[in-house]
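*Asks:* Residue numbers (my numbering), protein chains in the order written: chain Y, 10 to 194; chain G, -9 to 1041; chain D, 30 to 210; chain X, 2 to 245. All residues carry an ideal CB built from backbone N, CA and C; glycine is no exception.
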Amino acid sequence: MTPALLSDSPPRSSPLSFEEQDFIDRLIVQHRGRPGMLLSLLEAIQERQPNKYLPVEVLDYLAARTGIPGAQIYSVATFYSLFNLKPQGEHTVCICRGTACHTRGSRNLLERVKLQLGLKEEDEDGSAEKMCATTADRRFTVRTVACFGQCALAPVAEIDHSILGHVNERALEREVDAIKRGGQR
Amino acid sequence: MKRISDLSSFNDVREAGLSKLLPDRPRIAIGMGTCGTGNGAESVYHAFADAINTRGLGMNLARTGCFGFCAAEPLVNVYLPGKPLVILQRVQPNDVPGILDDLASGRMPTGLALCKIEEWDHITGHVRFGVGLPEIPHWHEVPFFTGQKKIVLRNCGLINPNEIDEYIAIGGYQALYKVLIDNNPDMVIEAVKAAKLRGRGGAGYQTGIKWEFLRKAQSERKYIICNADEGDPGAYMNRNEIESDPHSLIEGMIIGGYVMGATEGILYVRAEYPLAVHRLNSAIEQARECGLLGDNILGRGFRFDLQLVEGAGAFVCGEETALIRSLEGKAGRPTPRPPYPAEHGLYGCPTNINNVETWYNIAPIVIKGPGWFTETGSAKSPGTKVFSLVGKVNNTGLVEMPLGTPLKTFVYDVGGGGTHGRAIKAVQTGGPSGGCIPQEMFDTPVDYESLGQLGSIMGSGGMVVMDEDNCMVDVARYFIEFTHSESCGKCIPCRVGLDKSLYYLNRITQGKGTEADFDLLDDLSRMIRDTSLCGLGQTAPNPVLTTMRHFRHEFEDHIRAARCRAGVCEDLALSPCENSCPLHMNIPRFLQLLKEDRLEEAFVSVVMDNPLPASTGRVCQHPCDNRCRRTGVDSAVNMREVHRYIADAIYPSDRFDALASDIAARRKPLTGKRCAVVGAGPTGLACAFYLCMLGHEVMVYDSNPAAGGMLRYALPDYRLPKDVLDREVELIRRTGVQFTFNTQVPRDVSLNDLDGQYDAVFLSIGTWKESWVYLPGTELTGVIPALPFLEAVSKEQPVPLGKRVTVIGGGNAAIDSARTALRLGSKVTIIYRRERKDMPAIPEETEAAEAEGAEIVFLATPHRIVGGPDGRVQAIEAVRTKLGEYDSSGRRRPMPTNEIIRFACDTVILAVGETVDLDFAKASGLKIKESGLIEVDRYTLETSRSKFYAGGDLITGASNVSNAMGYGKKAARNIDRRLMNVRRWEEVFPSFEYDQAPPAHASEAPRHHVEEVDAAQRATTFAEATIGLAPVDAMEEACRCLRCDVRNGDH
Amino acid sequence: MNKAKVATVWLDGCSGCHMSVLDIDEVLIDVLHKADIVYGPLVDAQEFPEGVDVTLTEGAVSSQHDYKLIQQIRKRTKLLIALGDCAVTGNVPSMRNTIPTKRLLERAYVEGADIHQRAPSDGVPALLRHAVPVQEIVKVDLHLPGCPPKPALIAFALTELLAGRKPDLTNPSVAGLVKFG
Amino acid sequence: MPQKISLRIDGELIHTAAGQSILDAAKAHNKFIPALCHMKGLSSVGACRLCIVEVAGVGRLLPACTTPVQDGMSVTTQSDKLRRYRRIALELLFAERNHVCAVCVSNGFCELQGLAKRLGVTNVRYPYTYPKVPIDLTHPRYTADQNRCILCSRCVRVCAEVEGAHVWEISGRGVGSRLVCELNRSWGESTNCTSCGKCVQSCPTGAIAEKGFAVEEMSKRTDPISRLATLRAAGSDNKPGVIL
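1. Is it buried or exposed, ASP1023 (chain G), if we count other Cβ atoms within 10 angstroms and call 16 or more buried?
2. So, is the C-beta of TYR62 (chain Y) closer than 7 Å to a C-beta in chain X?
3. Quick one: measure Cβ to Cβ for GLU347 (chain G) and ARG190 (chain G), integer angstroms, because I've assumed they're closer than 8 Å.
4. Using a beta-carbon distance cut-off of less than 9 Å, what residues from the stretch 184 to 198 of chain X approach chain Y?
5. Would you identify the three-state DSSP class for LYS189 (chain Y), choosing helix, strand or coil?
6. Would you list, in sequence order, the uninterrupted alpha helix (DSSP H) runs of no fewer than 4 residues that lie entirely inside the stretch 65 to 133 of chain G?
7. Compute the beta-carbon to beta-carbon distance between ASP222 (chain G) and CYS146 (chain G), rounded to the nearest angstrom, for a pair I have assumed lies under 8 Å.
8. Can you give me the Cβ contacts of THR106 (chain D) inside the same chain, cut-off strictly under 6 Å, excluding the 5 residues immediately before and after it?
9. If you draw a straight line from the C-alpha of PRO884 (chain G) to the C-alpha of ALA868 (chain G), how long is it?
10. Hey, how far is the Cα of LEU198 (chain D) from the Cα of LEU298 (chain G)?
11. If I measure Cβ to Cβ from PHE545 (chain G) and keep anything under 7 Å in the same chain, skipping five residues before and after, which residues do I get?
12. Can you find the residues in the same chain that come closer than 7 Å, C-beta to C-beta, to VAL207 (chain D), ignoring five residues on each side of it along the sequence?
13. Taking 7 Å as the cut-off, decide whether the C-beta atoms of CYS571 (chain G) and CYS614 (chain G) are in contact.
14. Per DSSP, CYS156 (chain X) is paired with what?
15. Thinking C-beta only, is ILE866 (chain G) closer than 7 Å to THR796 (chain G)?
16. Run through the DSSP bridge pairs and tell me what GLU1002 (chain G) is partnered with.
17. In chain order, which alpha helix (DSSP H) runs of at least 4 residues are fully inside the stretch 21 to 104 of chain Y?
18. Does any C-beta atom of chain X lie closer than 7 Å to the C-beta of LYS502 (chain G)?
19. Is the stretch 151 to 166 of chain G touching the stretch 414 to 433 of chain G, taking contact as three or more C-beta pairs under 8 Å?
20. Out of G:GLN429, G:GLY857, G:GLN986 and G:VAL594, state which residue places its alpha-carbon closest to the alpha-carbon of TYR641 (chain G).
21. With 16 as the cutoff for other CB atoms within 10 Å, does GLY28 (chain G) come out buried or exposed?
22. Would you grab the beta carbon distance between ARG155 (chain X) and CYS49 (chain X) for me? Rounded to a whole angstrom, and I think it's under 8 Å.
23. Would you check if the stretch 158 to 169 of chain G and the stretch 245 to 261 of chain G touch, i.e. whether three or more CB-CB distances between them fall below 8 Å?
24. Rounded to the nearest angstrom, what separates THR725 (chain G) and HIS612 (chain G) at their Cα positions?
25. Name, in chain order, the residues that DSSP records as bridge partners for GLY284 (chain G).
26. Residues of chain X with CB closer than 7 Å to the CB of THR87 (chain Y), please, in chain order.
27. What does ILE89 (chain X) reach in chain G if we use C-beta pairs closer than 7 Å?
28. Is the stretch 619 to 631 of chain G touching the stretch 553 to 564 of chain G in the sense that three or more CB pairs, one from each, lie closer than 8 Å?
29. Could you check the C-alpha separation between GLY449 (chain G) and ALA19 (chain G) for me, to the nearest Å?
30. So LYS118 (chain X) is in the alpha helix (DSSP H); what residue range does that whole segment cover?
31. Quick one: does LYS221 (chain X) have its CB under 7 Å from some CB of chain A?
32. State the Cα-Cα distance for the pair ARG935 (chain G) and LYS912 (chain G), rounded to the nearest angstrom.
33. Am I right that GLY956 (chain G) and CYS677 (chain G) are in contact with their C-beta atoms under 8 Å? What's the rounded C-beta distance?
34. Just to confirm, is the Cβ distance from LYS827 (chain G) to LEU573 (chain G) under 7 Å?
35. Compare the Cα-Cα distances from HIS186 (chain Y) to each of Y:GLN125, Y:SER90 and Y:ILE82 and report the closest residue.
36. Consider the Cβ of HIS47 (chain D): report whether some Cβ of chain X lies at a distance smaller than 7 Å.
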C-alpha cells in the first residue's frame, strides 16, 4: 500500500518555477516508498523556502506528483508544529517552555520579549496549537517549543539556531536589541 | 575505513581505535554535547586548537560526548600517558594557556580538576589509564557521581562519537559478532527475558516478551523502530545517549534485527535534536563502510539496514501507533490496540518499537549475561535508569542510578539540595504523564511499581525538583496546558476533557475557582484517565490527581483564601513582594510615594499596612528579598530598610502628632462590640490596632508592665531601641486601644471572665517557655535559659553572668544572647549542631556576632556540663557531629562522632528553642494539637471554643515577628467579619493616587546596604548597632523598584 | 395548610416556556390549589419576594440585569429550576457568543438600522460578554430541558415538587420527553 | 464458516463468530451499547469512547468497537461508572461546539441528541467553549456547518474507504482540530468530490446536511452505505481499510 511512484498525471499549470518543480521531483524520487517519506519531503521543502514555510501551491504540486490526497497532506502539514503555513520572520526567537525552564521562570522571559517586540499572542489558525507570532514587519518570529533538551541550562532561549543558557530578562533584551540594530548573530 | 569481515580485520580496527584513545602523547577531549556547546564548549575547543598549532605542541585534540554533569560544563578530559584520565570542570577559553603549559611540562593541570579515572569498565571492554594524582578525588567520590552505575552511559563522554574505531576499541560490536557467530536468536531472546529488561520509554513492558512476539510473527517484511521522539519536557537523556555514543544504539538495533528477523530498522528522532541527527547519520555511514550494515554483515550473510527519519514536533508521536502513522505519512493520531504493532504495525507489517535507552542495554546483556544484569536494581525492575535531574537543585545533570534508589538520594546526595538554600517541596517524575511526589515521601524507591502507587510513573526519567517558590497548582496547570496543546484531538476525553481541565485550573490560579470546580476537575480527571484511547490521555491527569492528593491544602488556599503562598499565581497578589510579606504590605505603593517625595503619605501607607514599621524595619527576616524580581537584573530592592527609614523619619519629628491623629481619625464609627486581646506582643498589637480601626472597643491584657512582648523583653536594645518601640505603641494607643498591664491570664483574669465581658477574645501569648535540654549538669548554677536572661537584661535587673559564656543553639535567641553577653564584657562561644547554612538566625545577625568577637563552633552537640565542687559551672563538653541522612525537614540529621571537645566556661546559656506555656489552655477546654500548640481553623483562626481566636507563635511555635503579626492582622479581619457579618475590611485602608507607569529604565544603582557601627565600638554598648539609610540612599533604593504591581491591560 | 409560593421569571428567552407552562391545562388547577404564583410575567409584582419555595427560570443570562436578578432570586428561593433549553444550555441566545458584543451591537443597530443608527443605551442593561446557562451564575436544583419543555414534563415536575418530592426524570412516564431541542 | 466462540454479555450467554468486535456481537443480539463514531462497513477508530465496556479480568475499560470477542469473555455494558463516564463524554461534546438543537436541521434525527436523551443527560455541567468555526455553503447541494461537528471522522472514512475520493480530512490538532476539504479549499471548488452524498448520510449530526431541508427535517440513512461497503469488502481481497 506504499504510495505510487512519481504519479504520471501531468502537473497542471502550476505557479511554481521550473527549478522548484525539479527540486521537488528529485526529492520525491529520492524518498519514494521509504517510511517517513511525506515528513522528510515537507521538512526539506520548508527548509529550502526563504521564509521557512509551506506555500499552498507547493502542497498542491506535491499532491499532484505523489498521488497523496491533498486533504491528507494538509492534515499532516497542520498537525506537526514544525511546519508553518504562514511566512516566518527573518529571525526566530524561541523560548523553551519545558518543565525545568518553566520552574525557572521562562514565562516571564516570553512576556518580556513579546512586550519588547510589541506582539499580541496569535495562534496560527488550523495548525497545531502553539504560540507563534510574527512581527508585522516580518523581521521577528517569537515562538515557543515544548523542550529543547537543554534542561541543565534552564531557562533556555534560542535565537536563530544558537542556544542561550541561563537567560535572564536583561540578557535576552540585549540579544534582541543587538539583532534589531542589524548586528547579525 | 576498512571493511570488517573477520576477527583479524576486527582487531586491526580495534588497535587503530586504541591508539587514538590512549595515544603515546597527551590527549585533550572537549565535552561537546549540545548542552556543552550551549555552555561555551565550542569556543574552548577553538582556543585549544589555535593554541596547540601556534605553539606546535605534540598533543591530540578531540571532541567527545557528555559525561553527564551538566552543572559543571564545559568539561574537558585530559589524558597524560601513564597517568589517570582527569576531567576538568567549568573550563573557559582563558584557562587554556595555563592547562597547556602544565601539560607541556608533563604535569597534570590540577587547578580545575573535578575528578580522575584510573580505570574504566566499558562493560564491552576495559581501559586502564594510569594511577597516581592522590590529591584529585576518584570520579565516584564526587557527590554527583556517588552511587551512579553507568551501564547505558558507559561510553558517554569518554570516546569520540564521530570515530567508529574508538567505539570498537572499547569492545564495540563484539556483542554483535558474538550473536552472529552463535547464530542462535532464541538464546538471545531468552537472555533478554531472563534479564527481565523492561522498556525504558516509561511503560515498563517486558522487552524480551515483546521481542519474542515479533520473532514468532510470520511475515516477509518486519520492521524494528527506535523511538527517539523524547517529547517529555524536562527529559534529555536520549539526546545525550545518541550524541555521545551513537554506535551502541546501532549495535543494539542490528542485534535486535537479527534476533527478531527484521530486514529494516528505523530511527525516529525528534527534529529538535539536530546534533543527534547529524552524529547518528554519520555513525550509520561509518558502520555501513565497515560492513556492519547493509549486505552480508561481518561476512555472516545477514542483511539489515538502518534509516533515520526526523520527527516534526508532535509529543503524541512518542506513542507507538502514532509514531507508525507518522511514518506512513499520516497525522500522528494513535490507533486502537489490538491490533498491536507486533502483529499489524508499519504498512500493516509486524513491527517492534523500543525506546533509545532500551537498545543501549542489549549489548551489555549479551556480553555479560542476564545474571550480571539482574545484580543491579531491584528484583522486579533490574538494571539502571538514566534520569535527567533538573529544576531547583544545585547539581543538575544526567544521573544513571540502579532502579530502586530512594528519591532523597537523587535530590540531596547527588543533587546537592535546593538552590539558594531554599527548602525543597516536591519532585516531579515522569514528565507530563508523571506526578508530583511531596518531600515527605522522598524515601520512596524509584522504580516502576513504587512510583505507580503514588499515582506517578517513572516515564522517560525526567526528574524536576521544585522548591517553596513553586506553586503546585501552577505546576498542575502547566502540565495540563502542555498535554492539552499536544493532544492529537482524536478522542473526546483527551481533546475536550483536557480543555475543560485547563479551564478549571486557570480559574483556580486566578482566584476564581470554587469548591464545585475542584470536584468537577477531580471527577473529570478520573474519566480522562480511565477512558482515553492512548497513553497521552490516560496519563495526562496524573499531575492533577497527584497534586490534588498530596498538595490539597495549596488548592484550598487558592480557592478559599485566594492565596498563592509560592507567589507564582500573579492574579492572586498585587506583586511578588507583597505576596511574600506576611502582612501583605503594599510595598510598590510606599516605594513610589517616597520616589515622588511624598514622605508623609508614604508613612500613612506603611503604618496602615504594618502598625510596627520601625520595629519590623529592624528585625524582620525580610522574605520579600527572596521574591523581588529585581534579582533577575542585579539584586533585590532593600524594602525593609526603606520602610524603616520612612518610620524613623516621622516618629521623632514634629509631624508625628498630626499624622497620628490623622490615622486615629480614620477609625470607623463605634460598633458597640468589645474585644479582648491577651498578650501585647507584636501579634496582639497588630490585632488590637486593626480591631480598633474597625470601630470595636479593644482592651489588651499583658502580664508585663509595658507593651511589646518579645520586642521589649527579648530583643536587646542594640537591635531595637526601646524609644522606637515606645513611639509605635504610643501611635497605637492614640487610635483608642486600651491596655491593662501586670495582669496574667488565666491567673488574674480567667477565660470564662473574658467570655462573659467581651464579644470576641484573641489569644496571642507567644512562646515564653524555654524548651528544656535534658543534659547532665543543667542543675548547676550558672546555667540560664536564654529568654529569662534577655528579659532580665531588658529590665535592667542584675544578671549572674560569668566571664566565659557558652551559648547553645543557632536561632535568633542564641545570637541575641551571645551579643548581649559580649556587651556585658564576657567572652562568648556559640555551639550549634549543624552547619552555618542550616542556622535559623538571620544571616546578617550571625555575621555581626562573629565580627563582635563571638566564636561559633559548628557541628557540635552539648554532651555534659561539668560542675566544680561549689556546684558552679566549670566547663562544658560537646560531641563533634557529622551530617548523616536527610530527615523529613530536608536537612541532614547530625550524627554524633566519638570525638569530645571541652570548653572551659563559667556560664551556659540554653537557647535551643521556645515553646508555649499551655497549662491554662488545657484547663479551659481549648483543643490542643499533639505538638502542644493550639488548634485553630486554618482560615478563620477560630479555636475549638466559639468567640475565642488564636494567632502568632501560640499556633505556629516560635517563628518570627512579621509572620506573627500577619496572623494578628488576619484574625482582626475574621473577627470583624464574624461580628459584623459584612465585608468592610478594605474600607479601613486609605487609597492614594500615584504614578502607575512602570519605570522605562529602573535606576542602575546597586542595592544599598545598611551601615553598621564598626564592630569593636558597638560591642561595648547597647546603642543601636546599625544606622538607617540616608535620605538620598532611601530615595535611590525606592527608584530601583521595577513596579511588578503594574499590569499592561487588565488581567 | 399554607400554600407554597411559586415564582416564574423570564430572562433572555422567547416566553415559549411560559406558554408551555400554561399548556399544562387542567393540571394548572391542581397546582393553584397548592401554590400561589407570587412573581413573574403573569403576576404584577415589582420586587422578587422573600421565602419563595420554587422558581421556574426561563431564558439564558445575557445582560447585567439578568445577572443581578438571578443572583437575587437564588438568595430568595429554596428551589431554582432551569426551565427550557435557553436556561439549561444557552440555546438560541448563546448563538451570539462567538461575536464580540461591540461588533454585535454595531452590526444590528448601526449597519442594520435605517434611522437612529446607534446602539440603544438608556434604560437597556448592558450585555454580558456571553449569554450563558443559569447554572454558570448560580446553583440550579433541577433542569427541565426542551424547546419548549413538553407540558407533560412540566406538569409532572410541578406536581412532584408540590408533593414534596424531588422529580425523578427517569420516571418512564416522562423519560421520553427529557431531551434537548 | 468462521469458527464460533461463546461469551457472556451482561450475564447472557451468546454464541457468535470469532473476530467480531464486542459491539457487533452485542448489536447482533440486540444488546444496547452506545456508539457515535462507529458505522457498520467503515473501519473502527475508537474516537468517541462512548462504547467503553467492562471486561472481567481486565483492569482497563475497553472500547467495544475495536476489541475483538474472545472465548469465555464476560462483558458488562451497563454499570454506574460506565453511565457516569458516557454522560461526561456526551456533555463534553455538547460543550465543545455550538449545538443549538432547537434550530438545527437534524433536530429529532441527530444521533448525539438521541444518545443524550437515552442516557438521561439533562444539562451540561462544563462551561461552553463557543468557538468560531467555519460554515461552508459553497457546494450546490450540500452544507458543512462545523458548529455541529463532533469530529467523529465518519465522513472522512466513508469518502476515503467507500467512495475513494478522500476529500475530507481532519486538520490541526487538539481542540484546534477542524474538518477540512482537500487543501483547505471550499467544498464548492473541490476537485475530487463526486457529490455522491455518502458523507451527508453518514454524518450523525447536522454538521453535513442537504440543502432544501428545514429544521427537524434532515433524516438520514446509513444502511445502504453499510451494505455497499460490506459487499465491496467481501468482494475485494479484503485489503485492510485505511486506518485513521
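*Replies:* Working from what's here:
1. By the neighbour-count rule (16 or more Cβ atoms within 10 Å), ASP1023 (chain G) is buried.
2. no
3. That belief holds up - the Cβ atoms of GLU347 (chain G) and ARG190 (chain G) are roughly 4 Å apart, short of 8 Å.
4. LEU184, ASN185, ARG186, THR192 and ASN193
5. When secondary structure is reduced to three states using DSSP, LYS189 (chain Y) falls in the helix class.
6. 86 to 94
7. Not really, about 19 Å apart at Cβ, beyond 8 Å.
8. VAL81 and THR84
9. 13 Å
10. 60 Å
11. Taken in chain order, the residues that qualify are VAL463, ILE498, PHE508 and MET538.
12. PRO174, LEU182 and LEU198
13. yes
14. Bridge partners of CYS156 (chain X): none, in fact.
15. Between THR796 (chain G) and ILE866 (chain G), the gap from beta carbon to beta carbon is short of 7 Å.
16. When beta bridges are read from the DSSP output, GLU1002 (chain G) appears opposite G:THR1016.
17. 27 to 40, 46 to 57, 65 to 75 and 79 to 88
18. Interface annotation, LYS502 (chain G): not in contact with chain X, CB-CB separation never under 7 Å.
19. no
20. G:VAL594
21. Classification of GLY28 (chain G): buried, given that the 10 Å Cβ count is 16 or more.
22. In fact, because the Cβ distance is near 10 Å, the residues do not count as touching under 8 Å.
23. yes
24. In a straight line, the C-alpha of THR725 (chain G) is about 27 Å away from that of HIS612 (chain G).
25. G:PHE294.
26. SER172 and GLY173
27. LEU514 and MET517
28. no
29. In this structure, the straight-line span from the alpha carbon of GLY449 (chain G) to that of ALA19 (chain G) is close to 33 Å.
30. 112 to 119
31. Looking for chain A here will not work: the only protein chains present are Y, G, D and X.
32. 12 Å
33. Between CYS677 (chain G) and GLY956 (chain G) the Cβ distance is about 11 Å, and since that is not below 8 Å, they are no contact.
34. no
35. First, the amino acid is wrong: residue 186 (chain Y) is Asp here, not His. That would be Y:GLN125, whose Cα lies nearest to the Cα of ASP186 (chain Y).
36. no
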